[in-house]
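In the working numbering, the protein residues as written are 5 to 162.
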Amino acid sequence: VANGDTQRARSVLEAVSGIDAEDRVVSPETRTRRNLRNHLWGELLLAEGRARDAVAHYRGFLPARVAGVTPSDNATLVMLNLPFRQDGLARAYVLAGQPGEAIREYERLLQPDRTQHEYEILRPIYHYRVGLLHEEAGDEAAAKRHYDRFLEYWSDAD
Numbered sequence: 005v006a007n008g009d010t011q012r013a014r015s016v017l018e019a020v021s022g023i024d025a026e027d028r029v030v031s032p033e034t035r036t037r038r039n040l041r042n043h044l045w046g047e048l049l050l051a052e053g054r055a056r057d058a059v060a061h062y063r064g065f066l067p068a069r070v071a072g073v074t075p076s077d078n079a080t081l082v083m084l085n086l087p088f089r090q091d092g093l094a095r096a097y098v099l100a101g102q103p104g105e106a107i108r109e110y111e112r113l114l115q116p117d118r119t120q121h122e123y124e125i126l127r128p129i130y131h132y133r134v135g136l137l138h139e140e141a142g143d144e145a146a147a148k149r150h151y152d153r154f155l156e157y158w159s160d161a162d
């Protein structure tokens, strides 16, 4: 998808979409594969410019927060943090011309429920992206707050 070959990406995703579809017992590994496949479908829809379809897709599959995540549940940790780019729904809202919804989604991503997901990675780039959206909406104070947080996190980056 990243190189722009959406036709090839679509054919590969269609070919693997049936794998483990019939599994009666959904193992953590199956859950992870399905999650990654769903993220790829969302990325494909975004690359094709299908904003409404991407919004509907992401809203329909994003995993509900699951209590009891532990470091020993590697598949769940992977599902929470991979792919690294977890902002598909927010980007779909931007593409659909719904910046308010995109802001809400980025704010949600920036405030994971630490009582349930203490192992979920925060992505500093989301502060930058939501800062841009706040700036475009004319909320300079919120934009500055997010830009400052972004710079704070990235001050020691390589």
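Glycine is no exception: its CB is placed at the ideal position from the N, C-alpha and C atoms.
Original post:
Over what stretch of residues does the alpha helix (DSSP H) that includes Ala143 continue unbroken?
Top reply: As a first step, residue 143 is located in the sequence shown; it is residue number 139 there, counting from the start. Reading off the sequence, residue 143 comes out as Asp, not Ala. Note, Asp143: premise wrong, no alpha helix (DSSP H); not H, not E.
- Message: Classify Asp91: buried if its beta carbon has 16 or more other beta carbons within 10 angstroms, exposed otherwise.
- Response: Looking up residue 91 in the sequence shown gives position 87. That one is buried.
Legend entry - Anticipated Cβ contact below 8 Å, Trp158 with Pro128, distance rounded: Within the sequence shown, residue 158 is the residue found at index 154, counting from 1. Within the sequence shown, residue 128 is the residue found at index 124, counting from 1. With 8 Å as the limit, Trp158 and Pro128 qualify as a contact, their Cβ atoms being about 6 Å apart.
Keeping to the same chain, check which residues put their C-beta closer than 6 Å to that of His138; ignore five residues upstream and five downstream. The residue you call residue 138 lines up with position 134 of the sequence shown. Cβ within range, chain order: Ala146 and Ala147.
For Ala94, collect the residues of the same chain with a Cβ closer than 6 Å to its Cβ; drop the 5 residues on either side in sequence, then sort them by chain order.
For the purposes of this step, residue 94 is taken as the residue at position 90 of the sequence shown. Only Ala106, Glu109 and Tyr110 meet the Cβ criterion.
N-terminal and C-terminal residue of the alpha helix (DSSP H) that Pro128 is part of = Here the question's residue 128 lines up with position 124 in the sequence shown. Here Pro128 belongs to no alpha helix (DSSP H), and DSSP marks it neither H nor E.
Measuring straight from C-alpha to C-alpha, what distance separates Ala13 and Glu144? In the sequence shown, counting from the first residue as 1, residue 13 sits at position 9. In the sequence shown, counting from the first residue as 1, residue 144 sits at position 140. Computed Cα separation, rounded: 39 Å.
- In terms of alpha-carbon separation, which member of Val20, Glu47 and Gly46 lies closest to Thr34? Your numbering for residue 34 matches position 30 in the sequence shown. Sorting Val20, Glu47 and Gly46 by C-alpha distance to the C-alpha of Thr34 places Val20 at the top.
Going by the beta-carbon positions, is the gap between Tyr97 and Val59 smaller than 8 Å?
As a first step, residue 97 must be located in the sequence shown, where it is residue number 93. As a first step, residue 59 must be located in the sequence shown, where it is residue number 55. Yes.
I need the straight-line Cα distance from Gly140 to Arg28, nearest angstrom please. What you label residue 140 is simply residue 136 of the sequence shown in a count that begins at 1. What you label residue 28 is simply residue 24 of the sequence shown in a count that begins at 1. The amino acid occupying residue 140 in the given sequence is Glu; Gly does not appear at that position. Cα-Cα distance, rounded: 47 Å.
- Take Gly8 as the anchor and find which of Leu49, Ala55 and Ile23 has the nearest alpha-carbon. For this step, residue 8 is matched to residue 4 along the sequence shown. Considering only alpha carbons, the answer is Leu49.
* Asked: What number of angstroms, rounded off, separates the C-alpha of Ala161 from the C-alpha of Leu40?
  -> Counting from 1 along the sequence shown, the entry for residue 161 is found at position 157. Counting from 1 along the sequence shown, the entry for residue 40 is found at position 36. If you take the alpha carbons of Ala161 and Leu40, they lie about 27 Å apart.
Quiz item: Taking all protein chains shown into account, do 16 or more other C-beta atoms lie within 10 angstroms of the C-beta of Arg112, making it buried, or fewer, making it exposed?
Solution: Residue 112 sits at position 108 when you count from the first residue of the sequence shown. So Arg112 ends up on the exposed side.
Check your understanding: Who are the near neighbours of Leu17 in its chain, counting only those whose CB is closer than 8 Å to its CB and skipping five residues on each side?
Key -> Position 13 of the sequence shown, counted from the first residue, corresponds to residue 17. Same-chain partners within the cutoff: Arg41, Leu44, Trp45 and Leu48.
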